[in-house]
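Below is one structure, written out as structure tokens; comments come after it.
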Amino acid sequence: MKNNSFTINYPSIFCGTEKSHISFLSGKPDLVSVFNPGQNPENKRRFFVTDATVASLDCMKDFISKFDDDSCGKDVLMILGSGEPYKTIDSVLRIIKKAIDEGFSRNDVFVGIGGGVICDLTSFAASIFKRGASVQFVPTTLLAMIDASIGGKTGCDFENYKNMIGSFFPATDLFYFPEFVQYLPEKQYFSGLGEAFKTALLCDEELVCLFKNESEKIKNRDVEIVDLIIKKCVAAKAQIVEQDFTEKNIRAFLNLGHSFAHALETIVGLGSITHGEAVAWGIGRAIHLSYKKDFCSEGFRNSVFEILQNFGWETKAVPSIVKGGGIGERFLTAMHKDKKNIDEKIRLVLQKKIKDTFITEVEDTDILNVLK
Ligand code: GLY
13 MKNNSFTINY PSIFCGTEKS HISFLSGKPD LVSVFNPGQN PENKRRFFVT
63 DATVASLDCM KDFISKFDDD SCGKDVLMIL GSGEPYKTID SVLRIIKKAI
113 DEGFSRNDVF VGIGGGVICD LTSFAASIFK RGASVQFVPT TLLAMIDASI
163 GGKTGCDFEN YKNMIGSFFP ATDLFYFPEF VQYLPEKQYF SGLGEAFKTA
213 LLCDEELVCL FKNESEKIKN RDVEIVDLII KKCVAAKAQI VEQDFTEKNI
263 RAFLNLGHSF AHALETIVGL GSITHGEAVA WGIGRAIHLS YKKDFCSEGF
313 RNSVFEILQN FGWETKAVPS IVKGGGIGER FLTAMHKDKK NIDEKIRLVL
363 QKKIKDTFIT EVEDTDILNV LK
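If you want our numbering, it's the 1-based position in the sequence shown plus 12.
If you want it as structure tokens, here you go:
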């Protein structure tokens, strides 16, 4: 990887673009310099989508003011509500309606500026707007930088189930300002770290060691270590999506911990727990199940638990946020709806050790055994 840019190539199938070009930009996020609102390259108009939280950041002031004082030319900015409750088909349709009302064409560009919710919604809207306009991202959360913005998964939640509707439609350009990470609330930062730890277990032993040995620097958002985590996770995910863009095989490994996590998010209500926190708990359950089924050693299970606990992530069978009875049955109902399942059986991503991952069908009793 060259230090400040990176290109991901997609297989030659139609998904709007064959490449995503990532630029790493240092210093205070300066979106005016990147986009020059009002000056449209190649006569393309930009439809910027962000949320209220990002729009209120101090570093966004100059960019937002271009739209307040009308010096944005033919570019348009839409500000949505923040968070998982807004990840709905209604938000997607609102984006599309505004783009139609403002006279956008499929030759124009949608730009999502925000976390995973904004990136997923904007790219989903772009993918179906007049059968597909191109999309660019400025990911502003660690989670969006290392996961959501890479590899073209778009979509929204539906009836309290995560990401049930969507398409594959990668961004042509991604502009990374790692400094956005310094603006994140603690919970959001740790949510990104949960996904980063998952990537480490799947692909990068050195990154696992970093989580083990440099936890204080990581927790304190040391600039160099945050940069390193982002670059390592981007490189790992790029390698996976280049080989398996539409998730026919190894891309599904990225769902390590996610079957448990999505069920947890559904049970407690989407948005009640951060995605990464749910994933971290789900990783613990998946590794514990691997141990119970004799796929991995006790030592491996314990070393993963130690890191999870050191970062404050729960490793209990049932996380404290889950209340009420019938917990096992509630998890099973939610897990049977998982997109990875092919028939009646639940399919889980499990591990033998770091970088030794596989997918297998498990019995309902296996799931129940690790939830008590
Ligand atoms: N977030 C998992 C994937 O992109 O496949």
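In this text, a Cβ means the ideal position worked out from N, Cα and C, and glycines have one as well.
Values in this document were obtained by computation on a predicted structure and should not be read as measured data.
- When secondary structure is reduced to three states using DSSP, Ile-333 falls in the coil class, being assigned neither helix nor strand.
- Short of 7 Å from the beta carbon of Glu-191, and not among the five residues preceding or following it, lie these beta carbons of its own chain, in chain order: Gly-39, Lys-40 and Pro-41.
- For the options Leu-43, Arg-313 and Glu-236, the alpha carbon positioned closest to that of Leu-213 is the one of Arg-313.
- Taking non-hydrogen atoms of the ligand GLY into account, the C-beta of Arg-359 is found less than 7 Å away from none of them.
- Cβ contact annotation for His-33 (same chain, cutoff 6 Å, sequence separation greater than five): Thr-19 and Asp-185, in chain order.
- Between the ligand GLY and the CB of Leu-205, the shortest heavy atom gap is not smaller than 7 Å.
- Where Cys-168 is concerned, the enclosing beta strand (DSSP E) starts and stops at 168-170.
- With contacts defined by Cβ atoms closer than 8 Å, Phe-75 and Val-123 do not form a contacting pair.
- Remark: the C-beta of Asp-256 is outside contact range of the ligand GLY, defined as less than 7 Å to any heavy atom.
- A buried status is given to Cys-308, since no fewer than 16 other beta-carbon atoms sit within 10 Å of its beta-carbon.
- With respect to the C-alpha of Asp-70, the residue from Leu-196, Glu-373 and Val-334 having the closest C-alpha is Leu-196.
- Cβ neighbours of Lys-384 within its own chain (closer than 6 Å, five residues either side excluded): Ala-329.
- Remark: the shortest separation between the CB of Glu-289 and any heavy atom of the ligand GLY does not fall under 7 Å.
- Arg-359: member of the beta strand (DSSP E) spanning 358-365, first to last residue.
- Taken from the Cβ of Asp-159, at least one heavy atom of the ligand GLY lies inside 7 Å.
- Taken in chain order, the complete beta strand (DSSP E) segments of 3 or more residues contained in the stretch 167-236 are 168-170, 173-177 and 185-188.
- For Met-347, the enclosing alpha helix (DSSP H) starts and ends at 339-348.
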